[in-house]
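Below: the structure, in structure tokens.
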Amino acid sequence: MAEKVKKTVKSDNEKTKKAVVKKQDKKKDVKKSNDSYIKQVKKELKLVKWPSFKEVIKYTASTIVLCIILCLFFLLLNLGLSYVKGIFV
Numbered sequence: 007m008a009e010k011v012k013k014t015v016k017s018d019n020e021k022t023k024k025a026v027v028k029k030q031d032k033k034k035d036v037k038k039s040n041d042s043y044i045k046q047v048k049k050e051l052k053l054v055k056w057p058s059f060k061e062v063i064k065y066t067a068s069t070i071v072l073c074i075i076l077c078l079f080f081l082l083l084n085l086g087l088s089y090v091k092g093i094f095v
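Quick note: the sequence shown uses my numbering, first residue 7, plus one each step.
Okay, structure coming up:
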């Protein structure tokens with residue numbers, strides 16, 4: 007009976023030691039994963055094909071032109087509908 011109690015105490019002590027070691031390992035793993043995450047982000051950013059200055063200007067100009075065209079379209083649509091409304095009222 008005394009042997010069973012000793013074994014239980016030893017196994018409890020071993021479990022607590024293992025738990026402490028696991029916690030320490032987790033802290034190390036978190037630090038390693040954060041470091042590796044940042045390294046992975048830097049690596050991915052190096053693989054990105056960034057647009058040249060000419061491409062940025064081209065895309066910006068096309069976006070502004072499209073916005074102006076849409077503004078004119080809705081302005082004319084609004085004026086036309088206002089005119090139609092004025093005829094019936």
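A virtual CB, placed ideally from N, CA and C, is assigned to each residue, including glycine.
- CA-CA distance, Glu50 to Val62, rounds to 21 Å.
- C-alpha of Leu72 to C-alpha of Lys64: approximately 12 Å in a straight line.
- Ser58 sits in coil when the DSSP states are folded into three classes, being neither helix nor strand.
- Taken through DSSP and simplified to helix, strand or coil, Val47 comes out as helix.
- Within the model, the alpha-carbon separation for Gly86 versus Ile74 is close to 18 Å.
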